[in-house]
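All the letters of the sequence shown, read from the start, carry residue numbers 93 to 221 under the numbering used here. These notes concern the structure reproduced below.
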Amino acid sequence: MSELLRILVVDDDRRMAKTLVDIFRVKGYEAEAAHSGSEALEKVMGGPFGCAQNGSFDCVLSDIRMPEMDGVELYRAIKARQPDLPMVLMTAYSTNKLVKEGLEEGAIAALTKPLDINALLAIFSSLHR
Numbered sequence: 093m094s095e096l097l098r099i100l101v102v103d104d105d106r107r108m109a110k111t112l113v114d115i116f117r118v119k120g121y122e123a124e125a126a127h128s129g130s131e132a133l134e135k136v137m138g139g140p141f142g143c144a145q146n147g148s149f150d151c152v153l154s155d156i157r158m159p160e161m162d163g164v165e166l167y168r169a170i171k172a173r174q175p176d177l178p179m180v181l182m183t184a185y186s187t188n189k190l191v192k193e194g195l196e197e198g199a200i201a202a203l204t205k206p207l208d209i210n211a212l213l214a215i216f217s218s219l220h221r
């Protein structure tokens, strides 16, 4: 793991993604945004042909409900290629069946929006030893 925890924030709501990236940077983390599942996969896998374009991430924070590829589908795709990459899911819909699916697949947490930033930072802190 790198000196600073590198977090990929995935949310189709660009304002939410930017706000979270800004908060994480202020708190001392490296953070980058992706606005779709396919963009996130490209960043995690290092570009369209697997070349190391953006470097590796230590954790992915993804919205569950997104067009084209939801957060659970994204998690499955990442897990197939990088099974040890931790993922935290977030949603505005706490009773969503995708929350249950994501946790059953192995996501380390599923948080409800509006996010409890302190709880999220505690999760990140536990990853960075």
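Ideal Cβ placement from N, Cα and C applies to all residues, glycine included. The structure displayed is predicted, hence computed values, not measured ones.
Cα-Cα separation, residue i to residue j
i	j	result
D208	M182	11 Å
A224	R173	The chain is shown from 93 up to 221; residue 224 falls before or after that span and cannot be answered.
L96	T111	19 Å
L219	Y167	17 Å
S217	E160	31 Å
E196	A184	19 Å
E124	A132	10 Å
V113	K189	27 Å
G138	P175	16 Å
Span of the beta strand (DSSP E) around residue i
i	result
M179	179–183
I170	Note, I170: premise wrong, no beta strand (DSSP E); alpha helix (DSSP H) at 163–173.
I99	98–102
E160	No beta strand (DSSP E) holds E160; DSSP gives it neither H nor E.
Residue from the options whose Cα sits closest to the Cα of residue i
i	options	result
G129	V164, I215, I99, G194	V164
K205	V118, I99, M108	M108
D155	S217, A211, V102	V102
S148	L195, R106, E134	E134
L210	D104, D105, I115	First, the amino acid is wrong: residue 210 is Asn here, not Leu. Here the closest residue by C-alpha is I115.
D150	H127, E131, Y121	Y121
D105	R117, V118, A126, K119	A126
E193	D162, I215, G138	D162
Check whether residue i and residue j have beta carbons under 8 Å apart
i	j	result
I170	V191	no
I99	L177	no
V180	L203	yes
Residue i Cβ short of 7 Å to the ligand GDP heavy atom set
i	result
L213	Although the ligand GDP was asked about, the structure shown includes no ligands whatsoever.
For residue i, the first and last residue of its enclosing alpha helix (DSSP H)
i	result
S217	209–219
D105	No alpha helix (DSSP H) holds D105; DSSP gives it neither H nor E.
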